[in-house]
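In this note's numbering, the protein residues as written are 33 to 497.
Virtual Cβ for every residue (Gly too), placed ideally from N, Cα, C.
Please read these numbers as outputs of a predicted model, since none were measured by experiment.
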Amino acid sequence: MNVLQFLLILKARRKLILLTLILSVAIVGCISLLLPKAYTATASLVVNMQGADPVTGLTMPSQLVSGYLATQVDIISSHNVALKVVDDLKLAQQAVFQQQFRHDVKGQISIRDWLANRLLGNLDVQPSRDSNVLYVAFNSGNPQTAARLANAFVQAYLLTNLELKTQPARQTAAWYDAQLGDLRNNLEKSQAKLSSYQQSKGIVSLDDKLDTESTRLAELSSQMVAAQGQTYDSLSIQRNASNASASVMNNPVVQSLKADLARSEAKLSQLAQREGKNYPEYQRAAAEADSLREKLASEISTVRQSMNSNLAVSRQREGDLRAAVAAQKAKILAINAQRDAAGVLAREVESAQKAYDQALQRFTQTRLEGHAGQTEVALLSSAVAPLTPSTPRVRLNILLSIILGVVLGIGLALIMEMLDRRVRSEYDLVAFLGVPVLGVLVAQATGRQWLARRGWLGLPAPKPG
33 MNVLQFLLIL
43 KARRKLILLT
53 LILSVAIVGC
63 ISLLLPKAYT
73 ATASLVVNMQ
83 GADPVTGLTM
93 PSQLVSGYLA
103 TQVDIISSHN
113 VALKVVDDLK
123 LAQQAVFQQQ
133 FRHDVKGQIS
143 IRDWLANRLL
153 GNLDVQPSRD
163 SNVLYVAFNS
173 GNPQTAARLA
183 NAFVQAYLLT
193 NLELKTQPAR
203 QTAAWYDAQL
213 GDLRNNLEKS
223 QAKLSSYQQS
233 KGIVSLDDKL
243 DTESTRLAEL
253 SSQMVAAQGQ
263 TYDSLSIQRN
273 ASNASASVMN
283 NPVVQSLKAD
293 LARSEAKLSQ
303 LAQREGKNYP
313 EYQRAAAEAD
323 SLREKLASEI
333 STVRQSMNSN
343 LAVSRQREGD
353 LRAAVAAQKA
363 KILAINAQRD
373 AAGVLAREVE
383 SAQKAYDQAL
393 QRFTQTRLEG
403 HAGQTEVALL
413 SSAVAPLTPS
423 TPRVRLNILL
433 SIILGVVLGI
443 GLALIMEMLD
453 RRVRSEYDLV
463 AFLGVPVLGV
473 LVAQATGRQW
483 LARRGWLGLP
493 APKPG
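Structure, rendered in structure tokens:
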């Protein structure tokens with residue numbers, strides 16, 4: 033089939049096409065006029081997902097924005113929000129819905145759930161493609177009812193969104209409140225245990241006390257070292273006879289007596305040579321020399337005894353200092369043990385204090401979150417009663433019916449042509465009968481001859497007779 037044949041078929045079946053078009057437009061127009069009018073009221077919400085939370089200071093990652101918007105759409109369209117709308121508007125108490133519920137519902141379902149399902153069937157929630165705005169639309173036969181229910185869904189959603197944010201925080205705050213009592217008791221017990229231990233051991237400041245005792249230990253140790261050196265010196269002198277004699281002879285008193293004895297013996301020798309031993313002066317000098325010898329011997333004995341006493345005293349002092357150092361070490365070890373025990377108790381107090389502070393901080397934060405009065409969603413514009421119905425769209429339906437009527441008419445024309453094939457031009461003879469066309473008698477050049485002359489129909493141009 034070429035273009036000319038198609039146009040000739042349309043021309044021959046133009047009445048059928050026109051009738052189909054008129055019937056399509058008439059039917060669609062009548063249906064559009066007879067259909068009940070429905071009104072759509074739309075409210076808009078803006079979702080602020082970039083701002084920081086006023087309590088926690090956290091911001092939402094950008095990759096979660098699309099998922100968050102989809103979640104909000106699901107929340108608005110949830111059964112829970114619809115039940116809140118039913119309860120807020122008290123639809124279950126209205127007699128018209130109760131009567132319709134008894135007439136329509138046969139199963140085990142409450143009127144609240146039935147109304148919620150009906151409301152959700154007329155609700156349409158769409159997010160904006162390029163922004164964070166949500167559009168909540170509700171369809172109803174009454175424009176005021178559509179606006180009222182759209183706004184009711186928005187308010188119920190805002191309330192549900194706030195509950196979803198605050199209810200977990202309130203439950204967490206209640207749990208932390210219960211835990212704070214136990215943590216406070218643990219902290220008080222730890223502090224009481226530490227205080228009791230410090231009082232029983234007489235501890236004021238372990239660090240200061242340890243520093244004082246360490247200083248005292250250092251002093252005792254230095255004194256013990258000095259006493260050991262003195263003991264070693266005395267013992268060395270006593271064990272070495274030459275050193276002992278030298279130490280004795282180097283004594284100033286002994287040296288003085290030795291000097292006096294030497295002078296007395298020199299004087300005695302002179303008197304013996306000059307006057308003789310029986311001379312009174314010689315006897316006095318001899319008695320003086322004997323007295324000096326006795327004093328010297330006595331002094332040497334005294335010095336030796338003093339050296340022995342010094343050795344004994346040094347040994348005694350060394351022993352006392354050694355015992356004092358040992359006692360001081362034991363004392364320091366006891367202080368270290370007390371400090372370790374007190375440190376354990378102090379760490380228990382610190383751990384209990386840290387746990388209590390963290391729980392208190394978290395409790396304060398969750399309590400603030402539980403009493404927060406705002407969410408990330410805010411009402412941008414409320415729904416108003418529409419002036420024109422959203423359905424049926426008469427003009428659009430008529431336009432579509434015209435297109436449908438034309439397409440349907442052309443289709444019917446082609447079907448009728450296939451069922452009742454006729455020769456409508458010389459080209460039908462060529463295509464179906466194979467008879468050559470010798471000429472065509474025409475009064476004037478028509479559109480088909482004009483097309484044929486230019487070879488646009490795929491056949492040789494006929495010669496006019």
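*Nonlocal neighbours in the same chain, by C-beta distance under 6 Å from Gly83, ignoring five residues either side*: For Gly83, the predicted structure reports a pLDDT of 47, less than 50, and the residue's modelled location is therefore unreliable. The matter cannot be settled from this model.
*Round the Cβ separation of Val285 and Glu251 to the nearest angstrom and send it over; I've been treating them as touching at under 8 Å.*
At roughly 35 Å, the Cβ-Cβ gap does not stay under 8 Å, so Val285 and Glu251 are not in contact.
_Among Ser253, Val168 and Gln260, the one whose alpha carbon lies nearest that of Ala358_ = Ser253
_DSSP state of Asn34 mapped onto helix, strand, coil_ = coil
*Evaluate the contact criterion for the region 438-455 versus the region 36-56: three or more CB pairs, one atom per stretch, below 8 Å.*
yes
_Cβ contact (3+ pairs, closer than 8 Å) linking the region 193-209 and the region 117-133_ = no
*Around the C-beta of Ile108, are 16 or more other C-beta atoms found within 10 angstroms, so that it is buried, or is it exposed?*
buried
_Would Lys69 and Pro418 qualify as a contact pair, given that the criterion is a beta-carbon distance under 7 Å?_
no
*Which runs of the beta strand (DSSP E), 3 residues or longer, sit entirely within the region 86-161?*
155-159
*Does DSSP put Leu42 in a helix, a strand or coil?*
helix
_Three or more C-beta pairs under 8 Å: does that hold for the region 222-235 against the region 376-396?_
yes
*Sort out for me which residues DSSP pairs Ala73 with in a bridge.*
Phe170
*Can you pull the DSSP bridge partners for Thr423?*
Ala70
*Straight-line gap, Val113 to Ser160 (C-alpha atoms, nearest Å)*: 21 Å
*Per DSSP, cross-strand counterpart(s) of Ala410*: Val78
*Apart from the five residues on each side of it in sequence, which residues of its chain come closer than 6 Å, Cβ to Cβ, to Leu194?*
Thr407
*Expressed to the nearest angstrom, what Euclidean distance is found between the alpha-carbon atoms of Arg295 and Asn342?*
32 Å
_Burial state of Lys43, where buried means 16 or more other Cβ atoms lie within 10 Å_ = exposed
*Roughly how many angstroms separate the alpha carbons of Thr6 and Asp389, rounded to a whole number?*
There is simply no residue 6 to check, as the chain begins at 33 and stops at 497 in what is shown.
_Nearest-angstrom Cα separation, counted from Val60 out to Arg427_ = 10 Å
*Around the C-beta of Ala256, are 16 or more other C-beta atoms found within 10 angstroms, so that it is buried, or is it exposed?*
One point to set straight first is that residue 256 is Met, not Ala, in the sequence displayed. So Met256 ends up on the buried side.
*asked:* Taking the straight line between their C-alpha atoms, what separation do you get for Phe185 and Leu152?
replied: 10 Å
*asked:* Quick check on the burial criterion: 16 or more other C-beta atoms within 10 angstroms. Buried or exposed for Leu147?
replied: buried
*Going by alpha carbons, who is nearest to Leu121 out of Ser110, Asp136, Asp106 and Arg144?*
Arg144
*Would you please state the rounded distance, in angstroms, between the beta carbons of Met448 and Leu48? I believe it to be under 8 Å.*
7 Å
*Determine the direct distance from the alpha carbon of Gln187 to that of Val117, and round the result to whole angstroms.*
8 Å
*Taking buried to mean at least 16 other C-beta atoms within 10 Å of its own C-beta, is Pro175 buried or exposed?*
buried
_Distance between beta carbons of Val168 and Ala182, contact taken as under 8 Å_ = 6 Å
*With DSSP collapsed to three states, give me the class of Val165.*
strand
*Would the beta-carbon of Pro201 fall within 7 Å of that of Thr396?*
Inspection of the sequence shows that residue 201 is occupied by Ala rather than by Pro. No; because the gap between Cβ atoms is not below 7 Å, this pair is not in contact.
*My understanding is that Leu215 touches Ala391, with C-beta atoms under 8 Å, so please give their C-beta distance in whole angstroms.*
5 Å
*Tell me where the alpha helix (DSSP H) around Ala188 begins and ends.*
Pro175 to Lys233
*Run through DSSP, which three-state label would Pro418 get?*
coil
*Can you give the Cα-Cα distance for Ser383 and Leu400, rounded to whole angstroms?*
26 Å
*Answer yes or no: do Asn171 and Thr72 have a C-beta to C-beta separation smaller than 7 Å?*
yes
*Counting only the same chain and skipping the five closest in sequence on each side, list residues whose C-beta sits under 7 Å from that of Arg46.*
none
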